[in-house]
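Worksheet: the structure to be examined is printed underneath.
Residue numbers (the UniProt record's numbering): 1 to 116.
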């Protein structure tokens with residue numbers, strides 16, 4: 001467990017996404033501990049996984065589409081946690097991806113079906 005604290009190394013892609021914390025991040029990984037009281041450590045691990053994949057050079061758009069399809073294929077409670085984390089971290093890309101998945105899941109369903 002991270003105990004709701006994340007140690008971020010500014011390895012090109014990972015830190016650029018956390019706009020609300022960018023001023024706190026510098027190139028010294030050892031001293032950059034950022035409190036994230038509203039993000040569970042398991043959720044943060046998923047967010048970092050997303051950042052790593054989307055910041056990798058040489059990854060094709062098709063590969064990212066496939067990654068995103070697999071990434072959002074999670075239980076609704078995890079999806080909800082990812083939405084909250086993306087919102088808290090001010091990451092529009094993840095937020096849009098997760099919200100689109102929620103919209104796709106409820107599309108064409110009755111309120112009763114959605115409650116299940």
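Using N, Cα and C, we set each Cβ at its ideal position, and we do this for glycine too.
As the structure is a prediction and not an experimental result, all values here were calculated from the model.
- Annotated as proximal: residue 46 and residue 82, with beta-carbon spacing under 9 Å.
- Boundaries for residue 57: no alpha helix (DSSP H) harbours it, and the DSSP string shows neither H nor E there.
- For residue 82, the enclosing alpha helix (DSSP H) covers residues 76 to 88.
- In the structure shown, residue 69 falls within a helical segment according to DSSP collapsed to helix, strand and coil.
- About 4 Å separates the Cβ atoms of residue 72 and residue 101, confirming a contact at the 8 Å cut-off.
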